[in-house]
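Take any residue in the sequence shown, note its place counting from 1, add 255, and you have its number in this note's numbering. C-beta atoms are modelled at their ideal positions from N, C-alpha and C, and glycine is treated no differently. Report on the structure given below.
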Amino acid sequence: MTSMRSLIFLIICLSILMSLCPLNSANSASTSLWGKKLEFDGPPCLWQLHPEVSVPALTDLSICIRLKRTSSATWTGFLYRSKQRKELGIEGNNSHLKIWHLGKQYQVREDLSLKKWYSICLTWSGKNQRLKVYLNGHTVKNLGFYSDDAQQQLAQNGTLTLGVSHNVLPNGELRPESGNNLLGEIGLFRMWGKEWSAEEVSSLGCADGDVVSWDLRQWKNDCPPVPDNSLTCGWSNYKIKMWVTATDRNSPENCSLALEGITRNWLMNVFPNNISVHDIYISSESPTCQVQPDEDLAKKSNRVCRKCFGCEVYVSVDPAADVKTVQTDISAFLSTNFSFDFVTTEAVQDSIAVLPAVISPHVTEPPPTIMPPSTTSETTLLRPKFSTTGEPVDRTVTVVMPDQFFRVNLTLLIKTNLSKPTDVIEEWLQEKLEANNSMSVVNLIIKEGYGRSMGKYTGLVTPISKQNQYNCTFHVQEYHKNNVGEVEILIRSALTSGSFAIQTTNILIKHIEPKSCLEEDTSSLYGQYIWPETFPQVTAEMGCRTPVSNRAYRLCKLNIETDTTCWEEPNMTNCDKFATISDLSNITVTPDNAAAVVDIIRDLVDVQLSNNSQLSSSELGLVMEKLSEVVDVSIIEPKVGADIVNIVANILLSETDVTPVADIVLHLTDQMGNSMEFQGESTNIKSPALALSMINVDPEEFSGLTFGVSLSSTMNPEIFVNQSFVSKPLAETNAAISLPAEINSFFPPGVRNTTRVQFHFYGAPDLFQDPYLINETDGNWTLNSFVVSASVNNSQVINLKERVVVTFKHEETRRSKCVFWAFQKYGDLGGWSSSGCETRNISHHQTSCLCDHLTHFGVLLDVSRGPLDPEDDRILSVISYLGCGVSSIFLGITLLTYLIFEKLRQDYPSKILINLSTALLGLTMLFLIDSWLSSFSNYALCITTAAFLHYFLLASCTWMGLEAFHMYFALVKVFNTYVPAYLLKFCAVGWGIPLVIVSLVLAIDKDAYGSSVPEQAGVALKSTDQFCWIQNNIVYYVTVVGFILLIFLGNMGMFIVVLIQIKKMRANKPLAKSRSALQDFRAVAGLTVLLGLTWSLGFFSFGPLRVVLTYLFAICNSFQGFFVFLFHCLMKENVRKQWKSYFCCGRFRVNETSDWSRSVTMDARNKKAILSNLT
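Encoded structure:
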């Protein structure tokens, strides 16, 4: 019974003991801080590095901290300090990060939002004097500096606190500071003993630090960590550090165990298939390890072999899993012993540390020795004082050094002539120097020598004058880093060893020490690549962005000319390009890569516009966003500025709708001009349809400034700058702007030559779209000129007494007014305004604007009676040219008919018809060849053509008026009255009045004639080609519109009177009533053509019927010559009989002496003859 009670008591005790003492398998995982956060809520919660953890003296390091702020108060992320100074730390406020480094503070302008996690990393290289700051994996500051600290290293064994700043008292006690502690949370802190590159920082992921790790055993705290399920981190690579015991009960006398093999066999059996074991490193053995006692084993201790050793194992987990979960699982797998072939293997539970690793190392040397834990008389393992890597503080570090380089200059004398001397010499040098694989020849340059002097020689040496001479320069790359002197002797010996065919002279060997190629951030169509610092003549290798399985390469090239290194262009053959503009969102613009980003954007835009006529709104927005970032974060150089301007110009010249980003583009070009750095006083940037000019002026010597631009047919601008105020337009400029001396009063105060004036020219109107122009009360307006602007940096120039003079050459000639672009109009949408600007028309094609401020200027055109639809214009042009061609032919036939047959021209109507046909023939012929003559661009020829065209138009109208007057005179006013020199007087009026008018125009202003695209149908006709015609509106409206209107009114009156008179005459004759309606219509139509009444359609071509009337106008007037032939030649019986009598044979021939022939000439002046001509 007593034994039973004892057994029950023992079971209860064991149960209580098991509940109070969890398995050791969870010890390592339970100390992990992964998946937990530190909360700082007000009263200082102190987290400091454990005093037993020692930070070594570091010359290179990287630190990353993840934190979240919950208050806008000043905060501290971490601080590491020695007794003398703040060694390293991160602090901040609402707008800046403050970086402490070796006792100095650096500020970085960054605004960290509240309640948002941020990852902040610092990397430092003492050798390269470089400190970099990263925010969420992206570089935000690159500091190059020279420290006063001669040792250039981080003080060892300092104190480190999280979330609060602190001081160290003389007695070594740590005292937290108040007022700048963090109100928020810290989710991660890690520290490494090397400088990570930018690419490595962005890919650190969950890798733990090798100096300070995220493990509770390394920290001393007075407030516990808080689990946070949102702080998960998936990772694949892990490093396991532990002490292991291996016991062999089978061969105690030998006691020789293959520790690495035993360990690998153990781990591969206890780990599941998704955990792969890679590298295993065994440290020096320890005499004892503290493990659970085995009484049975203790009794047989004299008959067993036990080994205790430190072990570092690199494993990978596939798929990647949360760090906290992996640490717990691996610790559990290692919690039990494993026996195989009489060997029992187990881990010392308190020594197990599972750390996320950067990558499994591939080295041949074992890691530094891990000191075993010391033995004590207690059953609890006491940890020794260890560094944060679990290694001794005094560590031996293997440093990889670059190869040695030597510059070699020599002259080779070759007896025979070589067809390919370069290949032969290269092969010979490689044979001499690369035989033992300790060095190689690189960067070989061979130049044929021209010196032919005689040197010393024996019977075995050929005179120099009889040999081919080659001067060689190359680098020797030596790999084994042997003594410099020994290597030089080896090189000289190899090059001078016996060779009859090739002899060496003038050997010069120099040891050089080129620097490494520094880390460089590049962006291209292949993506962003951060090439790490690389030794000379070494090819850096990186994974492609796409596809990730391929590699990109870049050589750190040693230049043979200067013995310095530089990066060659990357070899991206195996990588895929980013295909679309949308991939720009993956690129972060920094000061270092700004120029490369612009190159990417330029290439992508060119590719997109070559395949499509426009960019989409999202593509356009992304391009403008990235260009704005470039201008914001970097100093713009002229080359980068030219690339940006070309990108904008290409977009403007495409069919892309830029209206949504118009303000962004204008702000971009203005900001770029203000911040650009260039040599000299001024610089110009030009591209098709866009030009910028930046001028640094001396305020004390400023007397005005004039800027002008001329645009060629290819839209390439030429810029003219005059360092004075020029009120008159510059010759051959399409747009010019002159700034008066009063601008000086608006210059900002400062140092001389710091005031910048910039001018912009926009050859495309797309950026200045005002949708409300068509609703203006005084007409419908559109932009009729290019746009120019002027500005002074950091100044608003308004209310000038001396006006700014802006001169434009028009694209069209109509009513215009000067305007400027008001950014605040229509709720900041922007629009044109004429406030403060006065319009002065210099000529029909130039307008001068006088404005009292500086901004973007242009000229608007009133299009209330603007041009027709382009398709209508094209059709009307075809009708006009076709009609004039047909009319010219039939007018020629009409003239020949009346000139050949004398009997047809014996009356006055026929003679007047001959003169009218002559004038119309001249008008139509000149219209047909006008554009061709205009294409010669000959000033005098164009004026002559325009003057003759004007003359024949007026002559045609005059003879139409004389025709009407003759009908009135013959039918109404006078009956059978003889007027002496009647036709001669008609000719004096018909040809003389037009001559007087044209002569007066030429005498007053010959420039009233010129070349342009005609907009009025003043010549009966429509054409969209260059045309020599009247260019002055006053001359046009007075001498053309006014003259035609006068003739029309007179002819209309005569037409009505003549019709009335004809009706009366027929009413008195019964036989006339038998005439058909067709004959009456023919009479009216013939009279209408003869009097030119169809020209009146031009006065009524407006309103809803404008297009219809314009078509009728073009058809009737361009075919007027044909209608003259039709009604007054082909349809006249006497003309047809004359043709038959002379051109027909047989029964179709008419006797010339018939009654009708004689009757035609008997009474040529009576009313019957007049009526005969009409019908």
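Taking the beta carbon of residue i as the centre, do at least 16 other beta carbons fall within 10 Å, making it buried, or is it exposed?
| i | result |
| --- | --- |
| Cys461 | buried |
| His1205 | buried |
| Ser1192 | exposed |
| Leu1131 | buried |
| Gln339 | exposed |
| Phe962 | buried |
| Gly1082 | exposed |
| Asp463 | buried |
| Phe597 | exposed |
| Gln685 | exposed |
| Tyr1397 | exposed |
| Asn426 | exposed |
| Asn1512 | Since the first and last residues shown for the chain are 256 and 1430, residue 1512 lies out of range. |
State the start and end residues of the unbroken alpha helix (DSSP H) segment that holds residue i.
| i | result |
| --- | --- |
| Ile1248 | 1237-1259 |
| Arg1391 | 1388-1398 |
| Gln1375 | 1375-1380 |
| His1205 | 1194-1223 |
| Met523 | 514-525 |
| Gly928 | 917-930 |
| Val853 | 849-866 |
| Glu454 | 453-457 |
| Gly1082 | 1080-1083 |
Looking at residue i: is its Cβ nearer than 9 angstroms to the Cβ of residue j?
| i | j | result |
| --- | --- | --- |
| Met970 | Gly935 | no |
| Gly1091 | Trp1076 | no |
| Leu1209 | Ile1167 | no |
| Glu365 | His351 | yes |
| Val981 | Val1059 | no |
| Leu1115 | Thr1037 | yes |
| Val903 | Leu923 | yes |
| Val1253 | Ala1202 | yes |
| Gly1305 | Phe1220 | yes |
| Trp289 | Cys488 | yes |
| Val423 | Val308 | no |
| Leu1345 | Glu1218 | yes |
| Thr1010 | Asn1048 | yes |
| His730 | Val679 | no |
Assuming residue i is part of the beta strand (DSSP E), what are its boundary residues?
| i | result |
| --- | --- |
| Gly347 | 341-347 |
| Trp490 | 489-503 |
| Asn726 | 723-733 |
| Gln303 | 302-304 |
| Ile318 | 315-324 |
| Arg385 | 385-390 |
Compute the beta-carbon to beta-carbon distance between residue i and residue j, rounded to the nearest angstrom, for a pair I have assumed lies under 8 angstroms.
| i | j | result |
| --- | --- | --- |
| Ala328 | Thr394 | Actually they do not touch by this definition, with Cβ atoms about 27 angstroms apart. |
| Lys494 | Ala612 | 4 angstroms |
| Ile537 | Leu514 | 5 angstroms |
| Leu882 | Ile855 | Leu882 to Ile855, Cβ: 11 angstroms. No contact. |
| Ile669 | Asn723 | 5 angstroms |
| Ile919 | Val853 | Rounded, the Cβ-Cβ distance is 16 angstroms, inconsistent with contact. |
| Thr794 | Tyr808 | 5 angstroms |
I want to know whether the stretch 776-789 touches the stretch 678-693 - three or more CB-CB distances under 8 angstroms.
no
Tell me whether the stretch 316-326 and the stretch 364-377 touch, counting them as touching only if at least three CB pairs, one residue from each stretch, are closer than 8 angstroms.
At 8 angstroms Cβ cutoff, the stretches touch.
Any chance the stretch 908-927 sits against the stretch 866-876, with 3 or more Cβ pairs inside 8 angstroms?
In the pairwise beta carbon analysis, the stretch 908-927 is classified as touching the stretch 866-876: at least three pairs are separated by under 8 angstroms.
Given 8 angstroms, three or more beta-carbon pairs between the stretch 1100-1108 and the stretch 1011-1028
no
Cβ contact check for the stretch 1143-1156 and the stretch 1372-1383: 3 or more pairs under 8 angstroms
Under the Cβ criterion (8 angstroms, minimum of three pairs), the stretch 1143-1156 counts as touching the stretch 1372-1383.
Say whether the stretch 296-308 touches the stretch 413-420, bearing in mind that this needs 3 or more beta-carbon pairs closer than 8 angstroms, one atom from each stretch.
yes
Stretch pair the stretch 826-839 + the stretch 742-760: three plus CB contacts closer than 8 angstroms:
no
Okay, do the stretch 1161-1181 and the stretch 1379-1398 touch, 3+ Cβ pairs below 8 angstroms being the bar?
Yes, the stretch 1161-1181 touches the stretch 1379-1398.
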